[in-house]
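Here the sequence shown is numbered in the numbering used here, starting from 658 and rising by one per residue.
Glycine is no exception: its CB is placed at the ideal position from the N, C-alpha and C atoms.
The model shown is predicted, which means the values in this text are computed figures rather than measured ones.
Please read the structure below before turning to the comments.
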Amino acid sequence: MFTFQENTHFSQALPCTKEAFWEQVKKQTTAWRINARRAILAAVEASKTEGAPALQSWLSSSEYQKFDLKRQNLKKKSAKEAWAKKTDAEKLKAYAQDLKENLPAFIFSCYQFDATESAKGQPFCHRRLKDCHLNGLVMLDIDHVENPMQIWWQLRDNAELMTRTKLVYITSSGNGLRIIFTADSSLGNLADNQIVFANAMGQKADASCIDATRNSFSPKEEDILFIDETIFDYYDEDFDKMFTDAYRDEKTQPINYRFDTDDRADGSIHSKPAAVSNKAAQEGAGTVGSVDDQPLGDGVKWRGYNLQAIINQRYADKLPCKDDSNRHAESLKLATDLMLMLDGDKKLVQTIVERQSWVQEIIEERDEDVAQTVESAAKQLAKKEETTSKPYPSKAMQAAIQAVTGLTYRELISESAAESSETARTSIEKKLQQWGEEIEGMFDDFPLLRDVCEGLKKSQYPAALFVAGGVMMTLMTRTWYRFYHRPQQERRLNCSLFIIGHPASNKSMADDIYEVLSTPIAAADKAGLAALNRYKQDTKKKAANKEGKDKPQGIIRIHPARTSNGQLIQDMLNAKETIEGKEIQLHLFTFDTELDNSTTLQQGGSWINKQSMELKAFHNEKDGQMYQNSDSPVDEFRVTWNFIYTGTPIALKRKVNERNFGSGLSTRLAVIPMPKTNFEMIGFEDKTAIDWQRLDRMKTWAYRLDSRFGELPFWGIVKKLYDWTKDRMEDCADDNSEANELMLKRVAYHAINYSAPFIDARHWDKMKQKGSYWVGEYETDETDWKLCELIARIQYATQQHFFGVIAEKYFDDMNNDVQFTGKRHQQRSVDGYNRLPDVFTREDVMKCFNYDNDSSVNTKISRMMNSHQIEKIENGVDKGKYQKLKKLSI
């Protein structure tokens, strides 16, 4: 009895029946992956003498190119650069390793794993020591040998060892042998049995294979050299009772023997001294993994798991070392991860970091100040928490956590839905207050900001900032800027803003700000509205119809939510001005106090085509129409349309939800929450205390910004935003969060757009009037950047608050939608030939090529001799046998 995982990335470790074993072994995908892996490794080896042409067939294969494309699109810049620097041979070897890791896997030493409740409340059998049950089977891995068949012949001739042998097969590389045999409890645990069995064969046991839960990747059917089918029912109850508890406590080191540390197998067994052996038998020895760090004992746990085991797994491939010059950098990364996992306990983090062997080295060599390293880690974590609603450990640490626990980091820390919702709400309330205080601190530098926020609570300042920014950037419709992505393109100031709050949460303040600041646009629209209404009245008269009056081409920019598609498109085509020979399409604008209004109208024709225009408006993408009716203009246009809606959380859920999240609307939106009222009355406003001067100042600025023309000198801020985004993209890569990556990508646009009016107003003394418009240049400074960076943080955090859960689910669903496509047929004869010993008999040919009759053997030998692959030995002790002349590759 043993267990298996159909896929090591996400499958349970379940009991493996005889039928399940043969199903996995006989799968076409199993054979294809193994054949492809061997062919790639052979091609890489051949390229050392034949050069690049030996690799070309695999480099041009569609399967490899898909793999390569994924690596080219890695999220972390350093990983992407490292992949780009690899040679073709190195890339193909990585692909071969990926093929191996996607094979089914057997856990031969365990017959069962206890089921535990997953984060979703379902029972799940994780492959981990704490849940294992030993069955008395031992797995011996002999790898990196020239011809594994010769080792098999040697084992086959040893009758004593064969009585214990249950399964022998060639590993997926073609250069290794895996032997499954029964344990002898009198020798000791699994590791002791490995050492003794390997020594009897003249081989050396691998010290890294002592974990009872170690996976053995599936062979293909023809690679199985021997199987005793009693393996499917084998169970040694005494061995289980004697050692399972020790293994569950991660005591996996050998008890009575020790691994040979020499580079050769000398045929001797190295026994442990009696005192050491007795102590090991009583207490167990060492911890899971192959690193040498000191265990911290059972007292240091994280979420119920041994923390040192997780750290060991984190550095299982290779410990930081002097030659790599990475010990200090890795200690800082480890400290940062531990600060997050251990709730900021600096003393405990310092203790754990100092206990690592490679950290002890730099303490001894140069008196490394680990306390200062932990302080630096604390600062890094604080910086992360400013811009990320919930920071995560590094990708490497998350992978180690999953390998040890069988659960992802997110599953381990997940709260109940109610707790998570309440925590998120409390968090955003605190952030709104903090952002409001930061905005208040900028009043002296941005007096216009003070006027916009007057009379509001501090926690409402962020919403006021975005509403005012949205209206005023629409006034600045005759301006543009350059962005770090495609800087040749002129970028417009585009606003897609939702203010979200519960009923009676003072969302009406947005209406007040809009009414004052939109005055210039509303005044300019009067002429166009009057002309349109006259035309409609005239068309009712028969005489007017006979005269066939043309529809007026006046400019109307403000449109209610209830606007027909034809009218909106016609007005978008009309809203153009030519300034200094440059034609500019002016922004249309929609403000509505009920977000539900637009959502409801989506069900009918009056809004249905505007859904695509809502998406295209963010980057002013091209749209157009070509209908047959005579009233619809046939033309193309850039969607130049800003909009602001206020609404409730329910209205937002109707607008953006799981069904339509993939449309991309969410990241185009700025969604700012209104704070709770907390049972507080609004202030009583005396009608005699109205600040008319404040309203006049706001209108004055509105008319000034409405006459602004030219390119905004924001390149300095654009460069700073690039670095800001790059830093957070590194965090996304460390967190392995595609959701955060998605929500981050458009933050920089929002930061520029909403800060632009305030920054421009601050530098108005640099402006000069040129005709009817104001133009000018200036240098942005740290004060400007302070406002821009605050808006970026607000946008990123509110995206995570409103859409973080949906985004995570979206990518989980996308990444789980895995398909296997395509099928390749490899030459079985190549594998059979390579399995033959250098000197072989007809019986060997029958076994290696899986033939069942002499006729097939005769034909195969004849073909190989005609192809000069083999020759018959005519003289000596091997007379009548055959010998190979060369090694084949696909």
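- Put simply, the backbone Cα of I1178 is about 46 Å away from that of L731.
- Comparing alpha-carbon positions, the option among T1250, I837, I1020 lying closest to I764 turns out to be I837.
- Boundaries cannot be given for C866, as no alpha helix (DSSP H) includes it and DSSP labels it neither H nor E.
- One thing to note: A855 has its Cβ within 8 Å of the Cβ of A862.
- In chain order, T1176, P1177 place their CB closer than 8 Å to the CB of Y1360, counting only its own chain and leaving out the 5 sequence neighbours on each side.
- Our two residues, C673 and I1448, have alpha carbons roughly 56 Å apart in a direct line.
- Contact between the segment 808–817 and the segment 733–753 is absent: fewer than three C-beta pairs spanning the two stretches fall below 8 Å.
- Non-local C-beta neighbours of A1232 in its own chain, meaning closer than 7 Å and more than five positions away in sequence, comprise I1212, R1214, Q1242, L1243, L1245, ordered along the chain.
- For V1010, no beta strand (DSSP E) encloses it; the enclosing alpha helix (DSSP H) starts and ends at 1003–1011.
- By the beta-carbon neighbour count (other beta carbons within 10 angstroms, threshold 16), G1304 is buried.
- Here K748 is buried: its Cβ has 16 or more other Cβ atoms, across all protein chains shown, within 10 Å.
- Looking at the DSSP output, H790 bridges to Q769.
- In the three-state scheme derived from DSSP, where H, G and I count as helix and E and B as strand, Q1540 is classed as strand.
- Excluding residues up to 5 positions away in sequence, R1135, F1366, Y1430 lie with their Cβ nearer than 8 Å to the Cβ of I1236 in the same chain.
- About 20 Å separates the Cβ atoms of N1397 and F1275, ruling out a contact at the 8 Å cut-off.
- Assigned with DSSP and collapsed to three states, D980 falls in coil, not helix or strand.
- When secondary structure is reduced to three states using DSSP, S1014 falls in the helix class.
- C978 counts as exposed, since fewer than 16 other beta carbons sit within 10 angstroms of its beta carbon.
- Residue pairing for T1235: DSSP places it in a beta bridge opposite E1240.
- Counting C-beta atoms within 10 angstroms of its own C-beta, S1524 has fewer than 16 neighbours from the protein chains shown and is therefore classed as exposed.
- The continuous beta strand (DSSP E) containing K1529 extends over residues 1527–1529.
- Taking the C-beta atoms as reference points, F724 is found no nearer than 8 Å to Y768.
- In the DSSP assignment, I968 falls within the alpha helix (DSSP H) that extends over 964–971.
- Excluding five sequence positions before and after P761, the CB atoms of its chain that fall closer than 6 Å to its own CB belong to E663, Q681, S875, given in chain order.
- Its chain contains L791, N846 as the residues whose beta carbon lies nearer than 7 Å to that of F900, once the 5 sequence neighbours on both sides are disregarded; these appear in chain order.
- In the assembly as shown, I697 is a buried residue. Its beta-carbon has 16 or more other beta-carbons within 10 Å.
- Taken in chain order, the complete alpha helix (DSSP H) segments of 4 residues or longer contained in the segment 1346–1425 are 1349–1363, 1372–1392, 1395–1401, 1404–1419.
- Between V1462 and D1469, the alpha-carbon positions lie close to 11 Å from each other.
- With respect to the C-alpha of H1407, the residue from A1464, C1110, A1327, W1381 having the closest C-alpha is A1327.
- With 16 or more other Cβ atoms inside 10 Å of its own Cβ, H1216 counts as buried.
- DSSP places K1466 within a helical segment (H, G or I) once states are collapsed to three.
- With respect to the 8 Å criterion, H783 and G961 are not classified as neighbours on the basis of their beta carbons.
- With contacts defined by Cβ atoms closer than 8 Å, R1351 and E1097 do not form a contacting pair.
- The DSSP-derived three-state label of L760 is coil.
- Contact between L794 and A840 holds: their C-beta atoms lie close to 7 Å from each other, under 8 Å.
- In the three-state reduction of the DSSP assignment, M1229 falls in the helix class, which pools H, G and I.
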